[in-house]
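S.K.:
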Amino acid sequence: MNSPSQPDRNPGSLSDELEDPPAPAANAGLSIGTVDHERIARAVREILIAVGEDPDREGLLETPARVARMYAEMFSGLHADAGIHLKKVFTETYDEVVLIRDISFCSMCEHHLLPFSGMAHIGYMPDGKVVGLSKLARVVETVARRPQVQERLTEEIANLVESELGAKGVAVVVEASHSCMTIRGVKKPGSLCVTSSMKGKFRTNQSSRAEILQLIYGERR
Ligand code: ZN
8 MNSPSQPDRN PGSLSDELED PPAPAANAGL SIGTVDHERI ARAVREILIA VGEDPDREGL
68 LETPARVARM YAEMFSGLHA DAGIHLKKVF TETYDEVVLI RDISFCSMCE HHLLPFSGMA
128 HIGYMPDGKV VGLSKLARVV ETVARRPQVQ ERLTEEIANL VESELGAKGV AVVVEASHSC
188 MTIRGVKKPG SLCVTSSMKG KFRTNQSSRA EILQLIYGER R
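Plus 7 on top of the position in the sequence shown (first one is 1) and you've got my numbering.
#1: Which term fits Tyr101, buried or exposed, when burial requires 16 or more other beta carbons within 10 angstroms of its beta carbon?
#2: Skipping 5 residues on each side, what residues in its chain have a beta carbon closer than 6 Å to that of Tyr78?
#3: What are the start and end residues of each continuous alpha helix (DSSP H) run of 4 or more residues lying completely inside the region 42 to 83, in chain order?
#4: Could you name the residues of the same chain whose beta carbon sits closer than 7 Å to that of Lys206, not counting the 5 residues immediately before and after it, in chain order?
#5: Compare the beta carbon distance of Glu125 and Cys200 with 9 Å and say whether it is the shorter of the two.
#6: What ranges does the beta strand (DSSP E) occupy inside the region 177 to 206, keeping only unbroken runs of at least 3 residues that lie completely in it?
#7: Measuring straight from C-alpha to C-alpha, what distance separates Leu167 and Gly90?
#8: Along the beta strand (DSSP E) that carries Arg108, what are the first and last residues, could you check?
#9: Report yes if the C-beta of Cys187 is less than 8 Å from at least one heavy atom of the ligand ZN; otherwise report no.
#10: For the alpha helix (DSSP H) containing Thr211, list its first residue and its last residue.
#11: Contact check, Val104 vs Gly130 under 8 Å by CB: the rounded distance?
#12: Return yes when the C-beta of Leu143 is under 8 Å from any heavy atom of the ligand ZN, and no when it is not.
#13: What's the gap between the Cα of Gly36 and the Cα of Glu69?
#14: Please report how far the alpha carbon of Gly66 lies from the alpha carbon of Asp88, in whole angstroms.
#15: Determine the closest residue to His86 out of Thr149, Gly139 and Val58, with distance taken between C-alpha atoms.
Quick look at the structure:
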């Protein structure tokens, strides 16, 4: 097999295919610019040929470049640090539950590269530190813009809130509909996948857990 350092190819327009992607550390703070649009476009063209299409017909001419821009957007979270949104905290003595409900998001299932979308609910019990409410939505946005599975998305959000805020408890509930379930395979439109991650008091204390679930689900269901 070819070794990555010795590509068995002539240098030329395709030689960059074998280059390693830039190290994430070198791109801290960057987002869309770090995605190799050319490479995606070439791959999309290949897919079109593979399914029996003519990528040179008029309607498809711009498609590879368009899909490249879309993936750059959908995966921009790969090049961003979600924790950065939780660095600016405010000191507050408030120690009751803070809940942001119905944070909408759209992510990409890493098994099919099809979108899954829905709502995230983030609750936490501060221990002297609170964060601007919009920052929690930014965390969801960043973590969602990566190839994901819903379970890991949920856990990553909870871990970030717990570690960055040092909260006494964190509860994250995510509800989403997966296109890979609704438009292909078993084709079950309307199915909803619910995942949760409970940390600290919400994990150990039954009444705290019941309270946060009541706040998330109460009234509307
Ligand atoms: Zn899937």
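Beta carbons: idealized from backbone N, C-alpha and C, even for Gly.
Since this is a predicted model, take the numbers as computed values, not measurements.
M.R.: Considering the structure as presented:
#1: exposed
#2: Ile47
#3: 44 to 57 and 70 to 81
#4: Ala165, Glu169, Gly176 and Val177
#5: According to the sequence displayed, residue 125 carries Gly and not Glu. Contact: yes.
#6: none
#7: 6 Å
#8: Val105 to Cys116
#9: yes
#10: Lys208 to Thr211
#11: 6 Å
#12: no
#13: Only weak support is given to the placement of Gly36: the predicted model assigns it a pLDDT of 41, under 50, and the question is left unresolved by the model.
#14: 37 Å
#15: Thr149
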